[in-house]
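Below you'll find the structure, written out as structure tokens, and then a few comments.
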Amino acid sequence: MYITNFQHFPDKNGNIPKDMPKEARELANFLALLIDDATTNDYDSEPEIRCIENNCPGLIVPTLIEEYNEIYWVCTHCKTSGVISNWRGTKWDNNNS
Ligand SMILES: [Zn+2]
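Take a look at the structure:
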């Protein structure tokens, strides 16, 4: 399980730094997509974020847990899962207005 404090990723301008190690940047971009998706009110939409595990054909379904300000996500195929915290107020938070 990936437990991620998203606060570690963005630079002081709120962007994901381009000079991050490739793997860390891929993870950061992946998590940013999940934050964006979880905070968009499109409950009817199909999952469309690809799993980060190598060669996994699964898709990720993120769930916003309002009570804890956490986003829980799980892969439909390999069941890899994670929790993202400290993502409120980032540029990917669609409730940030
Ligand atoms: Zn997977």
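Under the numbering used here, the letters of the sequence shown match residues 1 to 97, in that order.
Ideal placement from N, C-alpha and C gives every residue a C-beta, glycine not left out.
Ordered along the chain, which non-local residues of its own chain (more than five positions away) have a Cβ less than 8 Å from that of residue 14?
Hits under 8 Å: 90, 91.
What does the shell around ligand 1 hold, if a residue joins when its beta-carbon is under 6 Å from any heavy atom?
Chain-ordered list of matching residues: 51, 53, 56, 58, 75, 77, 78, 80.
Per the DSSP calculation, residue 64 is bridged to which residue(s)?
Residue pairing by DSSP places residue 64 opposite 71 in a beta bridge.
For residue 4, count neighbouring C-beta atoms within 10 Å of its own C-beta (all shown protein chains included) and say buried if the count is 16 or more, exposed if not.
The Cβ neighbour count for residue 4, taken over all protein chains shown within 10 Å, is at least 16; the residue is labelled buried.
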